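Comments concern the structure below.
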Amino acid sequence: PNRYPMGEYMLLFDPLDGSSNIDVNVSIGTIFSVLEAPDGMGAPTEADFMQPGSMQVAAGYAVYGPQTMLVLTTGNGGHGFTLDREMGSWVLTGRNMMIPEDTQEFAINMSNARHWHAPVTRYVNELLDGASGVREKNFNMRWVASMVADVHRILTRGGIFMYPADTRDTKVPGKLRLMYEANPMAMLIEQAGGTATDGTMRILDIAPHKLHQRVPVFLGSKNEVARVTRYHAE
Numbered sequence: 004p005n006r007y008p009m010g011e012y013m014l015l016f017d018p019l020d021g022s023s024n025i026d027v028n029v030s031i032g033t034i035f036s037v038l039e040a041p042d043g044m045g046a047p048t049e050a051d052f053m054q055p056g057s058m059q060v061a062a063g064y065a066v067y068g069p070q071t072m073l074v075l076t077t078g079n080g081g082h083g084f085t086l087d088r089e090m091g092s093w094v095l096t097g098r099n100m101m102i103p104e105d106t107q108e109f110a111i112n113m114s115n116a117r118h119w120h121a122p123v124t125r126y127v128n129e130l131l132d133g134a135s136g137v138r139e140k141n142f143n144m145r146w147v148a149s150m151v152a153d154v155h156r157i158l159t160r161g162g163i164f165m166y167p168a169d170t171r172d173t174k175v176p177g178k179l180r181l182m183y184e185a186n187p188m189a190m191l192i193e194q195a196g197g198t199a200t201d202g203t204m205r206i207l208d209i210a211p212h213k214l215h216q217r218v219p220v221f222l223g224s225k226n227e228v229a230r231v232t233r234y235h236a237e
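Counted the way my numbering counts, the sequence shown spans residues 4 to 237.
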């Protein structure tokens, strides 16, 4: 609107992540990424948004579940705020959220297993083999089919979230959008001591070339993300 001057920042967001869960009353959310506007920018164009995730000045999500929470980072740690409906304000309930380096929980859509590439199949099979396999410990699988809900669980207690590329369409390298899903979540995860890659490189280092670009995503507890990333390189 004309009454508002041009701002210094640009916003990308996924307004309703996990929308397929609405009719079954499962947690959904909103994901957002904030970038600094280029110097001298007039009316913003798609090219102005083509910045790697490492250039984000803020990122976060809101999760709408039993509690309404906002998880936010401005590059100095990740913090959780819970909506107090009686006060009509947000209360800091999670300061400097941290993810343990190791985990025994993983999140992936197992129904796609027949389409995975070999490194992902190898990694997940090792998890499923549990204490009797090479990992020598049992793992539990958790899958909500809402990235916000799955990542919120990982930020709360650790784990690894995976949405890999698969063999169904070689022209589509993944399902999740880099600019407004993978990048903001990767920033939050790294601020909490975790790691986020596309299987070969750090997500925040990926140079975007289009607004709705898709990427594979592996994020969460750093030792597990490092392992599955290493398998992609072997």
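A virtual CB, placed ideally from N, CA and C, is assigned to each residue, including glycine. Everything numeric in this text was worked out from a predicted model, so none of it was measured.
Span separating the alpha-carbon of residue i from that of residue j
i, j, result
"Thr48", "Pro41", "11 Å"
"Glu104", "Lys225", "5 Å"
"Arg11", "Gly45", "It should be pointed out that residue 11 corresponds to Glu in this sequence rather than to Arg. About 11 Å."
"Gly68", "Ser30", "5 Å"
"Leu15", "Met58", "13 Å"
"Met182", "Val37", "10 Å"
"Met9", "Ala62", "21 Å"
"Val175", "Arg217", "7 Å"
"Gly91", "Phe84", "12 Å"
"Arg232", "His118", "It is Thr, not Arg, that sits at residue 232 in the sequence shown. Roughly 18 Å between the two C-alpha positions."
Assigned secondary structure, residue i (DSSP; H/G/I helix, E/B strand, else coil)
i, result
"Gln216", "coil"
"Arg205", "strand"
"Gln54", "coil"
"Pro187", "helix"
"Asp2", "In this structure the chain extends from 4 to 237, so residue 2 is not present and cannot be described."
"Glu11", "coil"
"Thr200", "strand"
Beta-carbon proximity list for residue i, same chain, < 6 Å, skipping 5 on both sides
i, result
"Leu158", "Met100 and Ala195"
"Ala199", "Ala189, Ile192, Ile206 and Leu222"
"Met53", "Pro211"
"Ala179", "In the sequence on display, residue 179 carries Leu and not Ala. The residues are Tyr166, Ala185 and Val220."
Own chain residues within Cβ distance below 8 Å of residue i, not counting five before or after
i, result
"Lys140", "Gln107, Gly133 and Ala134"
"Glu129", "Gly136, Val137 and Arg138"
"Ala304", "Any answer about residue 304 is impossible in this case: the structure gives the chain only from 4 up to 237."
"Tyr64", "Asp20, Gly32, Thr33, Ile34, Phe35, Leu73, Val74, Val151, Val154, His155, Pro187, Met188 and Leu191"
"His82", "Val74, Leu75, Thr76, Leu95, Gly97, Arg98, Asn99 and Met100"
Same chain, Cβ closer than 7 Å to residue i, five either side skipped, listed in chain order
i, result
"Glu227", "Thr106 and Ile163"
Report yes or no: do the segment 137-157 and the segment 167-177 share at least 3 C-beta pairs separated by less than 8 Å?
-> no
Would you mind listing the beta strand (DSSP E) stretches within the segment 68-116 that are 3+ residues and don't spill past its ends, in chain order?
-> 71-76, 81-87, 92-97 and 108-110
Output the residue ranges of the beta strand (DSSP E) runs that lie fully inside the segment 114-184 and measure 3 residues or longer, sorted by chain position.
-> 163-166
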